[in-house]
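Everything on this sheet refers to the single structure shown next.
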Amino acid sequence: MSVILGIESSCDETAAALVTSDRQILAHKLAGQEAVHAPFGGVVPEIAARAHAEIITPLIEAALAEANLKLDQVDAIAATAGPGLIGGVMVGLVTGKALAMAADKPLIAVNHLEGHALSPRLANPELDFPYLLLLASGGHCQILRVEGAGQYRRLATTIDDAAGEAFDKTAKILGLGYPGGPKVEALAKTGNAAAVPLPRPLKGSKEPHFSFAGLKSAVVRAHQSCEYKSEDIASSFQQAVVDCLKDRLEKAIADHGAVPHLVVAGGVAANGPIRSMLEQVASDHGMQFTAPPLWLCTDNAAMIAWAGAERFAAGLTDTLDFAARPRWPLDPAAEKARGAGVKA
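Heads up: the sequence shown runs through residues 204 to 547, numbered per our numbering.
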């Protein structure tokens, strides 16, 4: 059994965790930054990087203390190396490198998206490769066939905004504050999902990808018209996202075939109506639906440590000159999708 120290700092959460190769979470410490970013309605990269630098060492020390371990008892150091806000990524990766060098331990540079992609296997020991993954977060919206650690085949991506990004922007338009996803979902519970005529971008399209920029623009127009209640806009928006995700998943399954498991990961996976839709899609195609517990959907270090454990078991370690990456696709060989703002 190996023990992996995981470090996460790609956006506005700083986290450290110790996870074993047999799925024990020995410790997990997380510090959020919602209060400092809320006045700006979103994450300010410079503020985030500074906050990471201030808290990361005490968090790692606290995680080791909680697990009752010394650094030399850890088998490897896994740190997020991208994609993300580059200042924050550098803080975590440089810290991981320093610890690896000081303790003479292997470094594992983890793709943040791989952390999300493999996190369901931390929660579900029965989830085997391959599986179909909807990876939906604030920065990414993709459908992937996951065949193993480091083995991903991208079937679809967003050509502009990600689903989580659209939730955050809708929350800002409606004056709900940051972070937007949970607040839009809460408001939507009191609204009428059929009240506001919003588009379903690319629904029924022959191309496989997602698009949410037009939906966001339609929310702006609906709000500015003063014809609709905020709760109806929120509910109608959320239903439009559900419909788009369902349509694109149905196309991916039709084009590439079903596999035993349909899996969701990323912050948007915490949304109740989206989970319900995914359960129905899985049932319709004879697939089992798997999702991590809600706390494991948002950014955390346990998923980074677990991705590190999977890569470590496969013999995948990295040198200390590994460079932080603001963009880092899971499937570099995937055909480039149209759109200037593609989130690969």
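Glycine included, C-beta positions come from ideal geometry on N, C-alpha and C.
The structure presented is a predicted model; accordingly, all values stated were derived computationally and were not measured.
C-alpha distance - residue i paired with residue j, whole-angstrom precision
{"i": "Arg541", "j": "Gln441", "result": "25 angstroms"}
{"i": "Gly351", "j": "Val399", "result": "42 angstroms"}
{"i": "Ile376", "j": "Phe515", "result": "44 angstroms"}
{"i": "Leu379", "j": "Lys386", "result": "6 angstroms"}
{"i": "Val294", "j": "His488", "result": "43 angstroms"}
{"i": "Leu448", "j": "Thr298", "result": "37 angstroms"}
{"i": "Ala437", "j": "Leu401", "result": "11 angstroms"}
{"i": "Arg403", "j": "Leu418", "result": "7 angstroms"}
{"i": "Gly518", "j": "Ile311", "result": "10 angstroms"}
{"i": "Leu229", "j": "Leu272", "result": "9 angstroms"}
{"i": "Gln354", "j": "Phe332", "result": "10 angstroms"}
{"i": "Leu288", "j": "Pro411", "result": "27 angstroms"}
{"i": "Pro476", "j": "His459", "result": "25 angstroms"}
{"i": "Ala374", "j": "Gly235", "result": "19 angstroms"}
{"i": "Val423", "j": "Ala416", "result": "11 angstroms"}
{"i": "Asp307", "j": "Lys232", "result": "24 angstroms"}
{"i": "Gly384", "j": "Thr493", "result": "21 angstroms"}
{"i": "Phe525", "j": "Pro495", "result": "29 angstroms"}
{"i": "Ser408", "j": "Gln276", "result": "53 angstroms"}
{"i": "Gly245", "j": "Ala365", "result": "15 angstroms"}
{"i": "Gly341", "j": "Gly209", "result": "21 angstroms"}
{"i": "Arg356", "j": "Arg348", "result": "5 angstroms"}
{"i": "Asp450", "j": "Gly511", "result": "33 angstroms"}
{"i": "Leu337", "j": "Gln491", "result": "14 angstroms"}
{"i": "Tyr381", "j": "Ile258", "result": "21 angstroms"}
{"i": "Val247", "j": "Leu267", "result": "30 angstroms"}
{"i": "Ser345", "j": "Ala537", "result": "In the sequence under discussion, the amino acid at residue 345 is Gln, which differs from the Ser named in the question. Rounded to the nearest angstrom, the two C-alpha atoms are 12 angstroms apart."}
{"i": "Arg530", "j": "Ser322", "result": "20 angstroms"}
{"i": "Gly318", "j": "Ser212", "result": "12 angstroms"}
{"i": "Glu237", "j": "Lys406", "result": "34 angstroms"}
Residues bridged to residue i [DSSP beta-bridge criterion]
{"i": "Ala396", "result": "Its beta-bridge partners do not exist; DSSP assigns none."}
{"i": "Gln345", "result": "Leu338"}
{"i": "Gln491", "result": "His464"}
{"i": "Ile210", "result": "Ala219 and Ala282"}
{"i": "Gly351", "result": "Gln354"}
{"i": "Ile436", "result": "Looking at the DSSP assignment, Ile436 forms no beta bridge with any residue, so it has no partner."}
{"i": "Gly470", "result": "Answer is none; Gly470 lacks a bridge partner."}
{"i": "Gly550", "result": "For residue 550 there is no data in the structure shown, the boundaries of the chain being 204 and 547."}
Where residue i falls: helix, strand or coil (DSSP)
{"i": "Phe413", "result": "strand"}
{"i": "Leu405", "result": "coil"}
{"i": "Ala425", "result": "helix"}
{"i": "Ala251", "result": "helix"}
{"i": "Ala230", "result": "strand"}
{"i": "Asp331", "result": "coil"}
{"i": "Pro242", "result": "helix"}
{"i": "Gly475", "result": "helix"}
{"i": "Arg541", "result": "coil"}
{"i": "Met480", "result": "helix"}
{"i": "Glu430", "result": "coil"}
{"i": "Asp225", "result": "coil"}
{"i": "Ser486", "result": "helix"}
{"i": "Ser420", "result": "helix"}
{"i": "Pro496", "result": "coil"}
Below-8 angstroms beta-carbon distance, residue i vs any chain C residue
{"i": "Tyr355", "result": "No chain C is present in this structure, which holds just one protein chain."}
Problem - Length at least 4, wholly inside the segment 499-538: the alpha helix (DSSP H) runs in chain order - result: 505-516
Problem - Secondary structure, beta strand (DSSP E): runs of 3+ residues fully inside the segment 253-322 - result: 279-285 and 310-314
Handout entry: Inter-stretch contact (C-beta, 8 angstroms, three-pair minimum) for the segment 217-231 and the segment 260-275
Key = yes
Problem - Length-filtered (3 minimum) beta strand (DSSP E) runs lying within the segment 356-383 - result: DSSP runs (the beta strand (DSSP E)) wholly in the segment 356-383: none.
Practice task
Would you check if there are 3 or more beta carbon pairs closer than 8 angstroms linking the segment 224-232 to the segment 298-306?
Solution key: no
Problem - Segment contact flag, the segment 420-439 with the segment 392-406, C-beta cutoff 8 angstroms, min 3 pairs - result: Cβ pair count under 8 angstroms is three or more, so yes.
Practice task
May I ask you to verify whether the segment 462-472 touches the segment 364-375, counting CB pairs closer than 8 angstroms and requiring at least 3?
Solution key: yes
Handout entry: Segment contact, 8 angstroms Cβ cut-off, at least three pairs: the segment 246-259 with the segment 267-286
Key = These segments do not touch.
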